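One structure is given below, encoded as structure tokens.
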């Protein structure tokens, strides 16, 4: 039993930390620190900085110009990104499509599409959910009918994150209605600029615009954009969902949030006492911190298993549940710490160049909107209810 | 909207209170106050005292020598019983069998059996659950085969409370295997002294003996002991389960327990502070007290509806859940208050006439055993899971 | 004992329900709540045409209500429609003015809707402590900062608290007075609030005992907010049950999944507990001292706890749709959660309730 | 980074597992735990024959373990079989004696099983505060009352703490010494404890710093109890999963009811968190000061919270059968809950953990 990182890993951490110190544009770090919304340029800019350093594809093998890091190095990298107020990279191309391409795509597809992810030529988004297919993803209806060397795609996707920035979408489409619903699904890459595609924004309760509907009417897609075999898409989709599990609990981000929450709780006062000395708030904070400390070890245990070639299985689902609940509890406590100022909504104060009056503590400007926005984390990527189904399926086996 | 009891009801409360002050044998009150086990004589004695006063059958109509009280008066009576450290009466004859007899029994059956409940000739117990039929009561297998003017009963009942004291048992038996399982059940009264009956004690985790197995082998029961029609027993059983719902939440008992818990929390110390001033314990206590205050009003609302002839429906199930959870939380906090002494187990110190050494606070002697014993309240009488099924069935209606 | 509402209270609740059904579709509410002034002046006028605010005051002040159950039944009805218009401020300010002999005409103007008033009491450092006030008076001029003042723009009068020596007093100021600055902003749940900066602003002192009036008014405010939350939960319950009945996944209605059923059962049960808490607080409003304070804290604490539970569970049970601006659930959930940020949250009131343990 | 146990620790855990399988059926355990002395002297002898206690001490003391992971992996194995024999006392007392130069032979006797010792430290008024001690020393004679002393009957030695002036010191006393009285009783989880009354009892002062030794030993005690609880939870998990797989109601295995599935999933997940808490505390045992204290409190608090959850959920998921003396679950659940009553409960440790916030 050895709970420590190796000396090489500790050295690696310092190297990452040193790089990040100088690499992150201060304006970007300020946005992350203060929960301000990122512009498309911010994300692209950060993408380019990491690409230049060669650390963009942190989970890719060297063969495709990835870092070739092990899962523990990737964990450390994410940890340091969060600690340094750097944004996570946009996952759709790098961590979702890419592994599917590498595993199931042709050599040509890999050689064409993977470099375009790195150099920023393509911004990918993910066409999975549909209005009638949420937790029951396999019931999806968007159809793709083969006509010669093209597919004709019709239907609607929803909850498509950052589709407004994307020029490409990887789509689960129905190519057959025979057999079980899972058997007629294919995996198709589609140019967002194709005629017949319409992106409609979905405004969320926090007032933000992250997700979209994507409508397809008679969209023509070159047949060469199919990944793998027709009607085998469900296998690829599941591979994608199970592949990027190493950082599913977002430990690094939660640790950084906890650190910020403690600073807030020292500065906010209730009845003449700093909130961190209020027995009920301190107990909430301690329970949360302890859960996070436990979860970090739970996560490292899974990584360690995974390094040895083990399959995390039910533990991935546990980490998804724990990670989302801890994230939401952090947001909840930050909202609670904002007290009467938790009701502030001043999107204008989050814009670049705002120089209006200060009102209340600045964190309060985003405390409630972040809380509401992150109700999503127990819903998306397989809701916590689906994760619990998976856990009992695996462990009780009925 | 009037949340107050009427003047008559308040007068009634005082009358009950005054009677109880002098009526309860001090030794009995001491046993209740200190969670000491009651002997059969204690229960019989109290039964006789109430019978002499004419208040034994608090839920019966006057026609059968009951009190004829309304549901609110019954609630007040239970409240005062608990406040005065009087035991609840044993429910099986008075509040379970009696309403079934009155509703579905013949005049002769009523005239014979009801007076025997009052004068203590019969001590009833309840033969419902079986080893294979817990939540799924309708799957019961104990069979009764008609042979002339007798039934021949074979099978096994379990969780039979106080069967060791009883001379009669009312039993759900299977008289037919046709149709749905609910359709072949009959309701039979059986003399516990019949040849072929064996009572085997079930010891529970707290070390106590409340429940039993009752085995039937070729037990002969006079056919006249059938209540109502053959194969209609499920209707009667459900009537029984839904009838005595007014005090399902045991508000009075929980109020008394809370009062005792507050006294304990004033006398126990942690770090030089009385426990009631410990922020975390005080918060637990306040949450519990507030739940109880809310539940009391929820219960009175149901009674008020019921007085007007309304059907409580889903609210009864809510009260069952709330009542059991509050009871268990009271026990949990009492256990927690016992601290290091929560591990004491000295059944000998609970016996009459014990004069050994004092060890720790006396309440600690029963704190943990009561906590473990009352894990039953969310299991028996339709588990909380079954209650939740009922609530959604009634309200979502799917 | 009778938990049915009186005929009169049912009538006013019905009036509100009809107003919501006819004039208050959720789209309009959301638009108005996110507009420049944060509510609809048309609806504000209609609410007064219908005479709704009269239910908040007793006959002594030309009203036909004013006790705990009147306040609770009206605000519960308002909550069901997510009414954003500032009736809470009318209640609180009106209650304070009802202690005054000199300003009865202003009270009447508020009830009738002729005038609108703002209530500027809490401050940046106050937290939820009503007594934590730094704004002070010298030579009848007020200086200080009031924060999170609801709907402060466009009012005819501002009711302000300030410390005169050791005592807390209440004042009326003119919104156009010299030395007064209003920094107005949106709130998360719709509507507006403002920081009010006061630099030696002229003020008229009210002829009342400030602390007595504030304690009365804030107690009513707690009850009103709690009842509003109850109404909101009622509506969320309907939305959620309806969604579970109609939405299918894996070929079954969601309401047929036992794991969801049991969670809904818990939601329903907790809402009934919240309803009882509001009844208890309504009944205790006329009491005094510890009995009143404990019932109000018990109520607001219950609302805080159950409100968060109901909001979070209902969103989770809905899934993605529950997070969209388009669908009404989110707006109800936001207001429900934000009520915990007014007049003391769950933790504040649990500590207050347990402070009575001796 | 490697979360697999070393070969040596796996070996000792296997030894314990085999011992349980062969010599420790639950019926015998329950009988022994509720006997006059509260454990089985036969099994106590076997445990020492197998050399198990050597895993709790380092090579310096002829052991082959003694660090956090050794303690945790052994006690987890013991928990799985609900071992009642007082190895915890050997660990704590032995650790204290390991600070002494003069009493190394007693330590060796304890490890080998030649002698058994009691640990008499906490007192009636102590609560969970190790520093709250009133027993005092005058002229090398000890007076006071020690409470809840585990398995005090029939020991060869009693380790006692007492205040000498301002300083806490540790002493050895003879169980047959004059002025000593032992009131022995059963404990809820099986086993025995006693109140020990000391009236000017002659004592030998240990040649160690009392507070340093106690802090070391109690920390190890917290870790050992937590690991024992983890082992218990492992076994409860197996029982519960097995029950859900095999028991049917309404024609379906219980494990097919989604509401129960989701609750089991939560149980499984919390047990993994408890496992991580034990790992964290094992690793921090060799650290000092705040780091060590926080990890131990985090661990014990997690065990308290998760332990209660697992015990209550497993009984509820079983239904009536879970409450019977006959079936093993209840005995495991009782011990699991009672562990929260030793060395600080959930509330004590959450307050202690948060006392480090500044």
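Chains as they are written, first to last, in the working numbering: chain D, 1431 to 1828; chain U, 1431 to 1828; chain X, 33 to 390; chain P, 33 to 390.
The beta-carbon is built from N, C-alpha and C at its ideal position, and this holds for glycine as well.
No experiment lies behind these values; they were computed from the predicted model shown.
Subject >> Pairwise C-alpha distance: residue 38 of chain X and residue 1378 of chain U >> reply: With chain U represented from 1431 up to 1828, any question about residue 1378 of chain U goes unanswered, as that position is not in the structure.
Original post:
Can you find a CB in chain U that lies within less than 8 Å of the CB of residue 1568 of chain D?
Top reply: For this step, residue 1568 of chain D is matched to residue 138 along the first chain. So no, residue 1568 of chain D is outside the interface.
Original post:
Taking a cut of 7 Å between CB atoms, which residues from the stretch 322 to 339 of chain P lie near chain D?
Top reply: Hits within the stretch, in order: 330, 333 and 334.
**OP:** Report, in whole angstroms, the separation of the C-beta atoms of residue 56 of chain X and residue 121 of chain X, which I expect to be a contact under 8 Å.
**Re:** In the third chain, counting from the first residue as 1, residue 56 of chain X sits at position 24. In the third chain, counting from the first residue as 1, residue 121 of chain X sits at position 89. Contact doesn't hold; Cβ gap of about 19 Å is too wide.
**OP:** Identify the contact partners of residue 294 of chain P in chain X, using a Cβ-Cβ distance below 7 Å as the criterion.
**Re:** Taking the fourth chain and counting its residues from 1, the one referred to as residue 294 of chain P is at position 262. The answer, in chain order, is 291.
Original post:
residue 1689 of chain U lies in the alpha helix (DSSP H); which residues open and close that run?
Top reply: In the second chain, counting from the first residue as 1, residue 1689 of chain U sits at position 259. Unbroken alpha helix (DSSP H) run through residue 1689 of chain U: 1681 to 1697.
Subject >> 8 Å contact criterion, which residue 1588 of chain D and residue 1561 of chain D should meet: CB distance rounded >> reply: Residue numbering aside, residue 1588 of chain D sits at position 158 when the first chain is read from its first letter. Residue numbering aside, residue 1561 of chain D sits at position 131 when the first chain is read from its first letter. Yes, they are in contact, since the Cβ atoms of residue 1588 of chain D and residue 1561 of chain D sit about 5 Å apart, within 8 Å.
Original post:
Is the beta carbon of residue 1762 of chain D sitting closer than 8 Å to the one on residue 1810 of chain D?
Top reply: Within the first chain, residue 1762 of chain D is the residue found at index 332, counting from 1. Within the first chain, residue 1810 of chain D is the residue found at index 380, counting from 1. Cβ atoms of residue 1762 of chain D and residue 1810 of chain D: not closer than 8 Å.
**OP:** Below 8 Å CB to CB, which residues in the same chain sit around residue 1597 of chain D once its five sequence neighbours on both sides are set aside?
**Re:** As a first step, residue 1597 of chain D is located in the first chain; it is residue number 167 there, counting from the start. Counting only residues of its own chain and dropping the five nearest sequence neighbours on each side, residue 1597 of chain D has a CB closer than 8 Å to the CB of 1552, 1553, 1621, 1622 and 1623.
Original post:
What does DSSP give as the partner residues of residue 76 of chain P in its beta bridges?
Top reply: By 1-based counting over the fourth chain, the position of residue 76 of chain P is 44. Residue 76 of chain P pairs with nothing; no bridge assigned.
Subject >> N-terminal and C-terminal residue of the alpha helix (DSSP H) that residue 253 of chain X is part of >> reply: Taking the third chain and counting its residues from 1, the one referred to as residue 253 of chain X is at position 221. From DSSP, the alpha helix (DSSP H) with residue 253 of chain X extends over 242 to 278.
Original post:
So residue 1713 of chain D and residue 1710 of chain U are in contact, right, with Cβ under 8 Å, and what is the actual spacing, rounded?
Top reply: As a working note, residue 1713 of chain D is residue 283 in the first chain. As a working note, residue 1710 of chain U is residue 280 in the second chain. Right, the Cβ-Cβ distance comes to about 6 Å (below 8 Å), so this counts as a contact.
Subject >> Reduced DSSP secondary structure (H/G/I, E/B, other) of residue 356 of chain P >> reply: Position 324 of the fourth chain, counted from the first residue, corresponds to residue 356 of chain P. Strand, per DSSP.
Original post:
What are the boundary residues of the beta strand (DSSP E) that residue 1628 of chain U is part of?
Top reply: As a first step, residue 1628 of chain U must be located in the second chain, where it is residue number 198. Residue 1628 of chain U -> beta strand (DSSP E) spans 1627 to 1632.
Subject >> Closest by C-alpha distance to residue 103 of chain X, when choosing among X:163, X:280 and X:317 >> reply: Locating residue 103 of chain X in the third chain gives position 71, where the first residue counts as 1. With distances taken between Cα atoms, residue 103 of chain X lies closest to X:317.
Subject >> 8 Å CB neighbourhood of residue 86 of chain X in its chain, flanking five on each side removed >> reply: If you number the third chain from 1, residue 86 of chain X lands on position 54. Same-chain partners within the cutoff: 94, 95, 96, 97 and 143.
Subject >> Coarse secondary structure for residue 184 of chain P, derived from DSSP in three states >> reply: The sequence position of residue 184 of chain P within the fourth chain is 152, counting from 1. Correct three-state label for residue 184 of chain P: coil.
Original post:
Is the Cβ-Cβ distance between residue 1594 of chain U and residue 1661 of chain U less than 8 Å?
Top reply: The residue given as residue 1594 of chain U occupies position 164 in the second chain. The residue given as residue 1661 of chain U occupies position 231 in the second chain. It is not a contact, given that the beta carbons lie outside the stated cut-off.
**OP:** Would you kindly report the start and end of the unbroken alpha helix (DSSP H) that includes residue 127 of chain X?
**Re:** Here residue 127 of chain X refers to the residue found at position 95 when the third chain is read from its first residue. Residues 119 to 129.
**OP:** Following the continuous beta strand (DSSP E) through residue 376 of chain P, name the residue where it begins and the one where it ends.
**Re:** Counting from 1 along the fourth chain, the entry for residue 376 of chain P is found at position 344. First-last for residue 376 of chain P: undefined, no H or E at that position.
Original post:
Beta-carbon of residue 304 of chain P versus every beta-carbon of chain D: anything under 8 Å?
Top reply: Numbered from its first residue, the fourth chain carries residue 304 of chain P at position 272. Yes, residue 304 of chain P counts as interfacial toward chain D.
Subject >> Residue closest to residue 2 of chain P, alpha-carbon to alpha-carbon, out of P:375, P:343, P:118 and P:331 >> reply: Nothing about residue 2 of chain P can be reported from this structure: the residues present for chain P run from 33 to 390 only.
Original post:
Can you give, in chain order, each stretch of the alpha helix (DSSP H) that sits fully within the stretch 1499 to 1565 of chain U and has at least 4 residues?
Top reply: 1501 to 1513, 1528 to 1534 and 1537 to 1548
Original post:
Under 8 Å between the Cβ atoms of residue 329 of chain P and residue 384 of chain P?
Top reply: The residue given as residue 329 of chain P occupies position 297 in the fourth chain. The residue given as residue 384 of chain P occupies position 352 in the fourth chain. In contact: residue 329 of chain P and residue 384 of chain P (Cβ atoms closer than 8 Å).
Original post:
Short check: CB of residue 332 of chain X to CB of residue 239 of chain X, under 8 Å?
Top reply: As a working note, residue 332 of chain X is residue 300 in the third chain. As a working note, residue 239 of chain X is residue 207 in the third chain. No, they are not a contact pair.
Original post:
Could you give the C-beta distance for residue 1663 of chain D and residue 1617 of chain D, rounded to a whole number, given that I count them as a contact under 8 Å?
Top reply: By 1-based counting over the first chain, the position of residue 1663 of chain D is 233. By 1-based counting over the first chain, the position of residue 1617 of chain D is 187. Going by Cβ atoms, the distance from residue 1663 of chain D to residue 1617 of chain D rounds to 4 Å, so yes, they are a contact pair.
Original post:
Once you ignore the five residues that flank residue 326 of chain X on each side, which residues in its own chain have a CB closer than 7 Å to its CB?
Top reply: Reading the third chain from its first residue, position 294 is the one you call residue 326 of chain X. Answer for residue 326 of chain X: 385 and 388, listed in chain order.
**OP:** Answer yes or no: do residue 1446 of chain D and residue 1507 of chain D have a C-beta to C-beta separation smaller than 8 Å?
**Re:** Numbered from 1 along the first chain, position 16 holds the residue referred to as residue 1446 of chain D. Numbered from 1 along the first chain, position 77 holds the residue referred to as residue 1507 of chain D. Yes, they are a contact pair.
Subject >> Closest Cα partner of residue 1647 of chain U within the set U:1527, U:1478, U:1585 and U:1538 >> reply: Counting from 1 along the second chain, the entry for residue 1647 of chain U is found at position 217. For residue 1647 of chain U, the nearest C-alpha among the options comes from U:1585.
Original post:
With distances taken between CB atoms, is the gap from residue 167 of chain P to residue 193 of chain P smaller than 8 Å?
Top reply: Locating residue 167 of chain P in the fourth chain gives position 135, counting from the first residue. Locating residue 193 of chain P in the fourth chain gives position 161, counting from the first residue. A contact, by the Cβ cut-off of 8 Å.
**OP:** With 8 Å as the threshold, decide whether the Cβ of residue 1634 of chain U is near any Cβ in chain P.
**Re:** Within the second chain, numbered from 1, the residue matching residue 1634 of chain U stands at position 204. With 8 Å as the cut-off, residue 1634 of chain U counts as an interface residue toward chain P.
**OP:** Determine whether the Cβ of residue 1835 of chain U lies closer than 8 Å to any Cβ atom of chain X.
**Re:** A query on residue 1835 of chain U cannot be resolved here, the shown segment of chain U reaching from 1431 to 1828 and no further.
**OP:** Going by DSSP, name the residue or residues bridged to residue 1619 of chain U.
**Re:** Your numbering for residue 1619 of chain U matches position 189 in the second chain. According to DSSP, residue 1619 of chain U bridges with U:1600.
**OP:** Compare the C-beta of residue 1760 of chain U against all C-beta atoms of chain D and say whether one is closer than 8 Å.
**Re:** The residue labelled residue 1760 of chain U in the question sits at position 330 within the second chain. Not flagged as an interface residue toward chain D: residue 1760 of chain U, since no C-beta distance is shorter than 8 Å.
Subject >> Own chain partners of residue 1499 of chain D with C-beta closer than 8 Å, once the 5 adjacent residues on each side are dropped >> reply: Indexing the first chain from 1 puts residue 1499 of chain D at position 69. Excluding positions up to five away in sequence, the list reads 1488, 1489 and 1507.
Original post:
Three or more beta-carbon pairs under 8 Å between the stretch 224 to 237 of chain X and the stretch 271 to 288 of chain X, yes or no?
Top reply: no
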